[in-house]
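In my numbering, the protein residues as written are 320 to 404.
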């Protein structure tokens with residue numbers, strides 16, 4: 320009986336849970352917007368950040384894992400470039 324109840328709960332969860340790609344895209348979008356705000360607020364050059372965001376969103380639609388990797392590497396390089404100035 321307990322196994323049946325767990326199976327029913329799992330089926331309900333799967334019904335309302337968004338796909339992993341949607342969650343990853345929303346995380347990418349959220350952190351990209353936060354970074355844009357931070358760069359704008361502290362008057363840092365936006366071009367490296369915009370290039371990194373464009374590349375990561377473009378690659379994300381080809382492969383979500385590679386898009387997230389591009390996002391992380393691009394953000395790191397953009398913050399490094401902003402810190403050097």
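Glycine included, every Cβ here is placed at the ideal spot set by N, Cα and C. None of the values given here were measured: they were computed from a predicted structure.
Boundaries of the alpha helix (DSSP H) in which residue i is found, first to last residue
i: residue 346; result: 339 to 360
Proximity test, residue i beta-carbon vs the ligand FMN heavy atom, cut-off 7 angstroms
i: residue 362; result: The ligand FMN is not part of this structure, which contains no ligands at all.
Rounded Cβ spacing between residue i and residue j (contact assumed at less than 8 angstroms)
i: residue 378; j: residue 386; result: 4 angstroms
i: residue 374; j: residue 389; result: 6 angstroms
i: residue 336; j: residue 363; result: Not really, about 37 angstroms apart at Cβ, beyond 8 angstroms.
i: residue 383; j: residue 343; result: 5 angstroms
Which of helix, strand or coil DSSP assigns to residue i
i: residue 371; result: helix
i: residue 397; result: helix
i: residue 330; result: helix
i: residue 363; result: coil
Discussion item. Contact between the segment 361 to 372 and the segment 329 to 338 is defined here as three or more beta-carbon pairs at a separation below 8 angstroms; is this criterion met?
Written reply: With a cut-off of 8 angstroms, the segment 329 to 338 and the segment 361 to 372 do not count as touching, because too few Cβ pairs lie within range.
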